[in-house]
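Take a look at the structure below.
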Amino acid sequence: MGKPYLVYDIETTSNISNLKETKFLLGYCMRAQSDNTMKYEYIDQEGLKKFVEKMVNFDGYIVGYNNIGFDNPVCIYNMG
């Protein structure tokens with residue numbers, strides 16, 4: 004099967020001109036499983052730190068649904 008995929012998207016407040024002021028609202032991700040199914044995961048404020056740690060340790064391909072250069076910094080800054 005090769006390396007697995009993790010696809011995610013986040014929703015934020017709309018201040019995209021200043022990433023430090025942009026707040027994480029919610030997110031979701033889907034991860035490929037060994038049986039070729041996908042696992043859906045909801046990400047809330049309380050679970051954001053755990054999710055970012057999962058992404059850092061994920062041995063596969065990470066696909067940010069919109070803009071990974073925006074989504075990743077917002078997630079990391081808001082994880083506390």
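Start counting at 1 in the sequence shown, then tack on 3, and there's your number in my numbering. By construction, the Cβ of each residue, glycine as well, lies at the ideal position given by its N, Cα and C atoms. Only a predicted model underlies this, so the values are computations on that prediction, with no experimental measurement involved.
Quick check: what's the CA-CA separation for residue i versus residue j?
| i | j | result |
| --- | --- | --- |
| residue 14 | residue 5 | 30 Å |
| residue 36 | residue 48 | 25 Å |
| residue 56 | residue 38 | 24 Å |
| residue 58 | residue 28 | 18 Å |
| residue 23 | residue 78 | 10 Å |
| residue 61 | residue 34 | 10 Å |
Whole-angstrom Cβ separation of residue i and residue j, contact assumed at under 8 Å?
| i | j | result |
| --- | --- | --- |
| residue 21 | residue 51 | In fact, because the Cβ distance is near 19 Å, the residues do not count as touching under 8 Å. |
| residue 8 | residue 63 | 6 Å |
| residue 2 | residue 26 | Given that the chain is displayed from residue 4 to residue 83, the structure contains no residue 2 and the question cannot be resolved. |
| residue 65 | residue 54 | That belief does not hold up - the Cβ atoms of residue 65 and residue 54 are roughly 11 Å apart, past 8 Å. |
Which residue wins for smallest C-alpha separation from residue i, given the options the options?
| i | options | result |
| --- | --- | --- |
| residue 32 | 42, 25, 77, 76 | 42 |
| residue 12 | 58, 25, 26, 30 | 30 |
If you follow the alpha helix (DSSP H) that residue i is part of, which residue opens it and which one closes it?
| i | result |
| --- | --- |
| residue 118 | For the chain, the structure presents residues 4 to 83; residue 118 sits outside this window and is missing. |
| residue 54 | 51 to 60 |
Let's see if you can read the secondary structure: which residues bound the beta strand (DSSP E) around residue i?
| i | result |
| --- | --- |
| residue 42 | 41 to 46 |
| residue 14 | 8 to 15 |
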